[in-house]
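All remarks here apply to the structure that follows.
Here you go:
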């Protein structure tokens, strides 16, 4: 309220949906909050779908053991620290202290206490900066998209199957060669990861016009010259952040690749045949491959589970290590083939030494989050109180519980000036313009000031006529403000019956919501539905019961449908509780509409 009250649109929202008479129970505001929560979730889901729709075999859920551990931790936390309910809202009292979730609302204390313009400026700057980071950060020179050499492509489909980004499709052959299909690259989806290069058994794929054969031949030449050395294929992440001095090791030959899966498994066999002591593939940890699936595909190729496969007689001489770049030094010494796919891991007693630290970390993080979620936060001091003015006013109208002016001018369309004096000091002098100046509508006004506890003389004046010196005193009293009291002074126009609003009530069809007269009463002459036609009702009502006016007759008929029964219609068939369903203003509006239905 404090924030929205700073804006004219925010004041309209407050009066219509939170604090004004039209707000009712505030269900509209609660519905807006629910829709925003669902809408934001749907928006996040949409952006997630945009991200994942260009990925092959997108993984929506974590490995099963992660889900089991996470659910177990959440259940334990929920059992030990069940969520509580906040105290009911007290609209007459400022909150001295309330528990808030600082994990999500860490900004709220500063927002409420500091200059809000400064707060929003800083927040928008941070959001804009974070949003722009992908464009502001320096980028490496982008490799050219993969190019297909049709002379070597035999349409085997292995590249299409392995591509992590749906960038390859098999299409009918365009060069008249014998194979039915050829690989077609979509440059807008290709990230130049090179996974497809390692999938191709015929060297039909390259980075643009850069041939790869010279690099492979150089590697094999160095191996054959140095002989008993170790050949290590690794990805660019490890080459940049982990290899370090190993590049200078005379007994090791490092082959950096854009992705570990860029290497065809046959390269390992060729290196061994050229004289290498052994061959090792070092890539990213499970589920952490920079190109999503490179380590998993390479692992399956080396183990003979995925085409192109490593020949079985080389299995014992080729090793794999899937580790973080910072662990390259220990990974290069490993002679054990590790698992590249976390989804294939099945927990057993030997993993307990890893699970216990994991549970400990999750317990600490969860405990910290629980601690943050229920932090008592002070809002208003005991010596502070608030005074709010709330009104919806149409210029020229008289106001309830206020001495009426000498003249009522309901057809005016003038801006409204409002002043507030407290103890002789002018605290508010604002002018408001109605966005909807239809009958019974007008400017929505909500103003709030904070005052020290104690006695204050408050004067509220309004100027809403063409003669700007025409003054109306709306409030002129001495009030006593208690500690943390929230006092609201409500002003309301005297309602003028509105035929258009009554017509809307007539056509309302939702049962139990409003009148819904059209369900039972027609506006066509002599047309019978359930009740008599309303055609000419204004004339008939004036003649029905001697001694009462047409308006009195219609009012009694609405409140008590059995009071006057029209001949030919049975008693008791109409709804009996319109007096409870409709407000006094709605009844007056409906009568005003019915009084327009005269004989033509």
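In my numbering, the protein residues as written are 1297 to 1896. The beta carbon of each residue, even a glycine, is placed where N, CA and C say it ideally should be.
Worksheet entry | Separation of residue 1455 from residue 1469, as counted between CA atoms | The residue labelled residue 1469 in the question sits at position 173 within the chain shown. The residue labelled residue 1455 in the question sits at position 159 within the chain shown. Rounded to the nearest angstrom, the two C-alpha atoms are 16 angstroms apart.
Practice prompt. Sort 1667, 1351, 1892, 1646 by Cα distance to residue 1794 and report the nearest one.
Written response: In the chain shown, counting from the first residue as 1, residue 1794 sits at position 498. When each option's Cα is compared against that of residue 1794, the closest is 1892.
Practice prompt. Please confirm if the region 1670-1681 is in contact with the region 1736-1753, defined as three or more CB-CB distances below 8 angstroms between the two stretches.
Written response: yes
Discussion item. Once the 5 residues before and after residue 1855 are set aside, which same chain residues still bring their CB inside 8 angstroms of it?
Written reply: In the chain shown, residue 1855 corresponds to position 559, counting from 1. 1874, 1875, 1883.
Worksheet item: DSSP on residue 1520, reduced to helix/strand/coil?
Response: Stepping through the chain shown from its first residue, residue 1520 is reached at position 224. Correct three-state label for residue 1520: helix.
Worksheet item: Around the Cβ of residue 1541, are there at least 16 other Cβ atoms within 10 angstroms (buried) or fewer (exposed)?
Response: Taking the chain shown and counting its residues from 1, the one referred to as residue 1541 is at position 245. Its Cβ having fewer than 16 others within 10 Å, residue 1541 is exposed.
Worksheet item: Taking the alpha-carbon positions, what's the residue 1411 to residue 1712 distance?
Response: Within the chain shown, residue 1411 is the residue found at index 115, counting from 1. Within the chain shown, residue 1712 is the residue found at index 416, counting from 1. Taking the straight line from one Cα to the other gives about 28 angstroms.
Worksheet entry | Backbone CA spacing between residue 1834 and residue 1310 [nearest angstrom] | On the chain shown, residue 1834 is found 538 positions in, with the first residue counted as 1. On the chain shown, residue 1310 is found 14 positions in, with the first residue counted as 1. The C-alpha of residue 1310 is placed about 39 angstroms away from the C-alpha of residue 1834.
Worksheet item: Considering only residues of the same chain and omitting the five flanking positions on each side of residue 1765, which have a CB-CB separation below 8 angstroms?
Response: Here residue 1765 is taken as the residue at index 469 of the chain shown, counted from 1. Here the set comprises 1759.
Practice prompt. Let me know the beta strand (DSSP E) ranges lying completely inside the region 1715-1773, each 3 residues or longer, listed in chain order.
Written response: You should have 1721-1728, 1739-1748, 1750-1759.
Practice prompt. Return the residue from the list 1419, 1740, 1737, 1755 that minimises the CA-CA distance to residue 1724.
Written response: Mapped onto the chain shown, residue 1724 falls at position 428. Of the listed residues, the one whose Cα sits closest to residue 1724 is 1755.
Worksheet item: Taking DSSP as the reference, what is the three-state secondary structure of residue 1656?
Response: Position 360 of the chain shown, counted from the start, is the residue given in the question as residue 1656. Here DSSP, grouped into helix, strand and coil, assigns residue 1656 to helix.
Worksheet item: Is there contact here, the region 1446-1463 with the region 1502-1511, by at least three beta-carbon pairs under 8 angstroms?
Response: Cβ pair count under 8 angstroms is below three, so no.
Worksheet item: Enumerated in chain order, which unbroken segments of the alpha helix (DSSP H) with a length of 4 residues or greater are wholly contained in the region 1825-1869?
Response: 1833-1840, 1846-1855
Worksheet entry | Beta-carbon proximity list for residue 1774, same chain, < 8 angstroms, skipping 5 on both sides | Taking the chain shown and counting its residues from 1, one reaches residue 1774 at position 478. Around residue 1774: 1751, 1752, 1753, 1754.
Worksheet item: Around the C-beta of residue 1885, are 16 or more other C-beta atoms found within 10 angstroms, so that it is buried, or is it exposed?
Response: Indexing the chain shown from 1 puts residue 1885 at position 589. Buried, because 16 or more other Cβ atoms sit within 10 Å of the Cβ of residue 1885.
Fill in: Enclosing beta strand (DSSP E) for residue 1369 [first to last residue]
Taking the first residue of the chain shown as 1, we reach residue 1369 at position 73. Counting along the chain, no beta strand (DSSP E) covers residue 1369; the unbroken alpha helix (DSSP H) around it starts and ends at 1360-1376.
Practice prompt. Using beta-carbon positions only, say whether residue 1616 and residue 1640 come within less than 7 angstroms of one another.
Written response: Walking along the chain shown from the start, residue 1616 turns up at place 320. Walking along the chain shown from the start, residue 1640 turns up at place 344. Not closer than 7 angstroms, so no.
Worksheet entry | Stretch pair the region 1368-1384 + the region 1637-1654: three plus CB contacts closer than 8 angstroms | no
Discussion item. Counting C-beta neighbours from all protein chains within 10 Å, is the total for residue 1772 16 or more, i.e. buried, or is it exposed?
Written reply: For the purposes of this step, residue 1772 is identified with residue 476 of the chain shown, where counting begins at 1. Exposed is the call here.
Fill in: Cβ separation of residue 1558 and residue 1493, assumed to be a contact under 8 angstroms, to the nearest whole Å
As a first step, residue 1558 must be located in the chain shown, where it is residue number 262. As a first step, residue 1493 must be located in the chain shown, where it is residue number 197. Correct: roughly 5 angstroms between the Cβ atoms.
Worksheet item: Taking DSSP as the reference, what is the three-state secondary structure of residue 1647?
Response: By one-based count along the chain shown, residue 1647 stands at place 351. In the three-state reduction of the DSSP assignment, residue 1647 falls in the helix class.
Item to complete: Could you tell me which uninterrupted beta strand (DSSP E) segments, each at least 3 residues in length, are contained entirely in the region 1384-1414, listed from first to last along the chain?
Response: 1393-1396
Worksheet entry | Extent of the continuous alpha helix (DSSP H) run through residue 1567 | Start at 1 with the first residue of the chain shown, and residue 1567 comes out as number 271. That run of the alpha helix (DSSP H) goes 1561-1569.
Worksheet item: For the 8 angstroms Cβ check, are there 3 or more pairs between the region 1538-1556 and the region 1482-1492?
Response: yes
Worksheet item: Between the Cα of residue 1658 and the Cα atoms of 1358, 1366, 1346, 1307, which residue gives the shortest distance?
Response: Translated into positions along the chain shown, residue 1658 becomes position 362. Looking at the Cα atoms, 1366 is the closest of the given residues.
Practice prompt. Take residue 1302 and list the residues in its own chain whose beta-carbon comes closer than 6 angstroms to its own, dropping the five residues that flank it on each side.
Written response: Mapped onto the chain shown, residue 1302 falls at position 6. Excluding positions up to five away in sequence, the list is empty.
Item to complete: Using three-state DSSP, classify residue 1444 as helix, strand or coil.
Response: Locating residue 1444 in the chain shown gives position 148, where the first residue counts as 1. Reduced to three states, the DSSP call for residue 1444 is strand.
Item to complete: Apply the 10 Å Cβ neighbour rule to residue 1802 and answer buried if 16 or more other Cβ atoms are within range, or exposed otherwise.
Response: Here residue 1802 refers to the residue found at position 506 when the chain shown is read from its first residue. Buried is the call here.
Worksheet item: Using the beta-carbon count (16 or more within 10 Å), is residue 1339 buried or exposed?
Response: Taking the first residue of the chain shown as position 1, residue 1339 is located at position 43. By the 10 Å Cβ count, residue 1339 comes out exposed.
Item to complete: Identify the continuous beta strand (DSSP E) that holds residue 1688 and give its terminal residues.
Response: Walking along the chain shown from the start, residue 1688 turns up at place 392. Counting along the chain, the beta strand (DSSP E) containing residue 1688 begins and ends at 1680-1689.
Discussion item. Quick check on residue 1665: buried or exposed, where buried means 16 or more other Cβ atoms within 10 Å of its Cβ?
Written reply: Within the chain shown, numbered from 1, the residue matching residue 1665 stands at position 369. The residue in question, residue 1665, is exposed, as its Cβ has fewer than 16 Cβ neighbours within 10 Å.
Fill in: Inter-stretch contact (C-beta, 8 angstroms, three-pair minimum) for the region 1520-1531 and the region 1457-1466
no
Worksheet item: If you pair each beta-carbon of the region 1562-1576 with each one of the region 1597-1615, do three or more pairs fall below 8 angstroms?
Response: By the Cβ test, the region 1562-1576 is in contact with the region 1597-1615, since at least three Cβ pairs between them sit closer than 8 angstroms.
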